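For what it's worth, my numbering labels the leading residue of the sequence shown as 594, then goes sequentially.
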Amino acid sequence: MRIFSPKRYVASVDRIDLNTLWADGKRAILLDRDNTLVPRDTEQVPAGVSAWLDAARAKGFKLCMVSNNWHRDQVMSSARELGLEAISHAMKPAPFALKAGLKRLGATAEEAVLIGDQLYTDVWSGNFAGVDTILVKPQATQDLWYTQIFRIFERRALRDLPCEE
Ligand SMILES: [Mg+2]
Numbered sequence: 594m595r596i597f598s599p600k601r602y603v604a605s606v607d608r609i610d611l612n613t614l615w616a617d618g619k620r621a622i623l624l625d626r627d628n629t630l631v632p633r634d635t636e637q638v639p640a641g642v643s644a645w646l647d648a649a650r651a652k653g654f655k656l657c658m659v660s661n662n663w664h665r666d667q668v669m670s671s672a673r674e675l676g677l678e679a680i681s682h683a684m685k686p687a688p689f690a691l692k693a694g695l696k697r698l699g700a701t702a703e704e705a706v707l708i709g710d711q712l713y714t715d716v717w718s719g720n721f722a723g724v725d726t727i728l729v730k731p732q733a734t735q736d737l738w739y740t741q742i743f744r745i746f747e748r749r750a751l752r753d754l755p756c757e758e
């Protein structure tokens, strides 16, 4: 189903070429937190991810973390650490938090891309909000119990979608 299809499927955030995004007219990046930027097992942001965020900022991209995580302190502290705007309790796949993120960044849906590790929250919300989506592989195998259930359907849905390494 199209609503569950990401525009691209890439191995990890730091493999996404910023020059290509910029050339495509993208100026704002909405980012999922858990298992996209911050691994659920170690909670340590990989150096490559921090460097990628710095490079994005240096290029002129506006960045906002949009997280379903209910622990607001956790979300805000990693947002501070990474120098990002942030919205917690996003309730993706609902599109409202994405729209709030765009408003905060002063960007249109067309100018934005959403990067996340889940089809049924991140990609779905992006498609609802009219924002291009890039699905990445989850950083860790550790997930919330209900996410593990969605992963079963996700694996099936992604069977024929090659991942850009
Ligand atoms: Mg996630």
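For glycine and all other residues, C-beta sits at the position ideal for the given N, C-alpha and C. Since the model is a prediction, treat every value here as computed from it, not as a measurement.
Residue i and residue j closer than 8 Å at C-beta
i: Val716; j: Pro599; result: yes
i: Arg595; j: Asp736; result: no
i: Ile680; j: Ala693; result: yes
i: Lys539; j: Leu691; result: Nothing about residue 539 can be read from this structure; the chain reaches only from 594 to 758.
i: Val668; j: Arg626; result: yes
Paired residues, beta bridge with residue i - DSSP
i: Ala722; result: Note: Ala722 sits in no beta bridge, so no partner.
i: Leu698; result: Answer by DSSP bridge pairing: none, since Leu698 is not bridged.
i: Leu656; result: Ile622
i: Ile680; result: Val659
i: Ile708; result: Leu624 and Ile727
i: Val603; result: Val729 and Glu757
i: Val631; result: Asp627
Contact set for residue i: own chain, Cβ-Cβ below 7 Å, skip 5 residues either direction
i: Leu614; result: Val706
i: Val631; result: Val638 and Ser671
i: Ala750; result: Phe597 and Leu712
i: Leu754; result: Tyr602
i: Trp663; result: His682
Closest Cα partner of residue i within the set the options
i: Asp610; options: Val642, Gln732 and Leu698; result: Val642
i: Val603; options: Glu747, Pro731, Asp666 and Arg749; result: Pro731
i: Phe721; options: Arg752, Arg650 and Pro686; result: Pro686
i: Arg665; options: Lys652, Lys655 and Ala683; result: Ala683
i: Gly618; options: Ala651, Tyr739, Gly719 and Ala702; result: Ala702
i: Ala640; options: Leu695, Arg752, Asp753 and Val606; result: Val606
Other residues of its chain near residue i: CB distance less than 6 Å, five sequence neighbours each side excluded
i: Leu728; result: Pro599, Tyr602 and Val716
i: Phe689; result: none
i: Thr726; result: Pro599, Lys600, Leu707, Val716 and Gly719
i: Tyr739; result: none
Contact set for residue i: own chain, Cβ-Cβ below 8 Å, skip 5 residues either direction
i: Tyr713; result: Phe597, Pro686, Phe743, Phe746 and Glu747
i: Cys756; result: Tyr602, Val603, Ala604 and Lys730
i: Ala733; result: Asn628, Pro632, Arg633, Asp634 and Thr635
Near ligand 3: residue i beta-carbon under 7 Å from a heavy atom
i: Asp710; result: Ligand 3 is not part of the structure shown, which contains ligand 1 as its ligands.
- Tell me, please, whether the segment 699-713 touches the segment 671-680 by the rule of three or more beta-carbon pairs shorter than 8 Å. no
- Task: Report yes or no: do three or more beta-carbon pairs, one from the segment 739-746 and one from the segment 658-665, lie closer than 8 Å?
- Result: no
- Message: Does the segment 645-657 come into contact with the segment 614-628, if we say contact requires no fewer than three beta-carbon pairs (one atom in each stretch) closer than 8 Å?
- Response: yes
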